[in-house]
Every structure is written in C-alpha cells, then in structure tokens.
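Working notes for the structure below.
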C-alpha cells in the first residue's frame, strides 16, 4: 500500500469513531478540550490496536488462501464500506436523544466500550491486510493517529453540529473504504 492508500484507509477507519464522537460531544454539557483529548486518546489507542489483532489472526490463514488474497481484501473492505454506508444512511431512533441532564464527562469504561465497538471494522481490515504486502505497524499507527484527531475534533463539534455531520462522515468513510478495496484488487489484477 502506498501513502495515499494508507492515509485514505486511516481516514475511513476513523469516520465511524468521528460519528460516535459527535454523539458523545452532543451528549455532554459544554465539553472542554481536555475531555475531547481524553476521548480521542482512548479511541485512538483502541483503534490502533485492533488492526494489529486482526492482522495476527489473518496471518494464520494467509498460506491457505494466497491465490485469492486480493479478492478477500476486496470483499472484506467492500463489505465493511457498504456496512458503514448503510449505518450512515439509516434513520436514528428519535426517542434515544432526549436526555434532560447532560454530564460534563463520560466514564473511561463507557468510552472504551464505544471505542471498541467502533473499531471492529479496523480489526476486520487488519485481517484483510494480512493477505497483502503491507507494513501493519505503519497502517495501525496511521489509523490510531487519524482516529485520535477525528475523535478529538468530533467531541468539540458535537455540541454544535449534532448527528447530521456524523452520519455523512460515516457514508463518506464507507465509500473511501470500498474504494481502497477496489484499488487493492485493481493493483493485483494489473500486476498479473
């Protein structure tokens, strides 16, 4: 993977966390930068670790599927992208957004759980990346850093922008993820 593909993948992986961070920011009473940085760090670390876990899991199967690796990466990334697009387009439950008293911060456990939930796709991407020649450390670090920045900004934007931008970001991220999968397939088929 080249720099542009790595950067696009990192941004795509951070969009669902960005959408969640906007929701987290909207649920807080005047979030401060310290809370946004704390939330970004928790999400970024989790999102940076999960592709490594997926990559290790994928390595165990790499020899068995070497001839089809590009198709596996394409299908995994495409399916994850379509799932993100679906989540970005579906309507939310209007009764879920009616809190009377907003907290000033979220608990570590709640943030870690949300961070893990938004990083499942990064783990699946890690599995797909095990089938191609990629420096997983660089990719995982890029995903973690992009998530840190996006979540930090998302928390601060949350109280102003609400869920509308978060949903659009998830759709865009899904499109980018599907495009990265298509690029991997294209690069492999052209090389043959």
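In our numbering, the protein residues as written are 73 to 264.
Each residue gets a CB set at the ideal place from its N, CA and C atoms; glycine is no exception.
This structure is a prediction, so every number in the text was calculated from the model and none was measured.
Under a 10 Å Cβ-count criterion, residue 153 is classified as buried, with 16 or more other Cβ atoms of the shown protein chains found around its own Cβ. In terms of Cα proximity to residue 256, the closest of 159, 202 and 186 is 202. In the DSSP assignment, residue 106 falls within the alpha helix (DSSP H) that extends over 105 to 131.
Pairing residue 187 with residue 114 gives a Cβ-Cβ distance under 7 Å.
Non-local C-beta neighbours of residue 212 in its own chain, meaning closer than 6 Å and more than five positions away in sequence, comprise 120, 123 and 124, ordered along the chain. By the 16-neighbour rule on beta-carbons within 10 angstroms, residue 205 is exposed. Taking the Cβ atoms as the reference, residue 83 lies roughly 6 Å from residue 248, within the contact range of under 8 Å. Taking all protein chains in view, the Cβ of residue 108 is crowded by 16 or more other Cβ atoms within 10 Å, so the residue is classified as buried. In this chain, the alpha helix (DSSP H) harbouring residue 185 covers 180 to 190. Under the criterion of beta carbons closer than 8 Å, residue 111 and residue 98 do not qualify as touching, at roughly 13 Å. Here DSSP, grouped into helix, strand and coil, assigns residue 196 to helix. Within a 10 Å sphere around the beta-carbon of residue 75 sit fewer than 16 other beta-carbons, which makes this residue exposed. Residue 220 sits buried, since 16 or more C-beta atoms from the chains shown fall within 10 Å of its C-beta. Inclusion of residue 129 and residue 199 in the CB contact set at 7 Å is warranted, their separation being smaller than that value. Annotated as distal: residue 232 and residue 157, with beta-carbon spacing of 7 Å or more. By alpha-carbon distance to residue 180, the top candidate from 260, 96 and 214 is 96.
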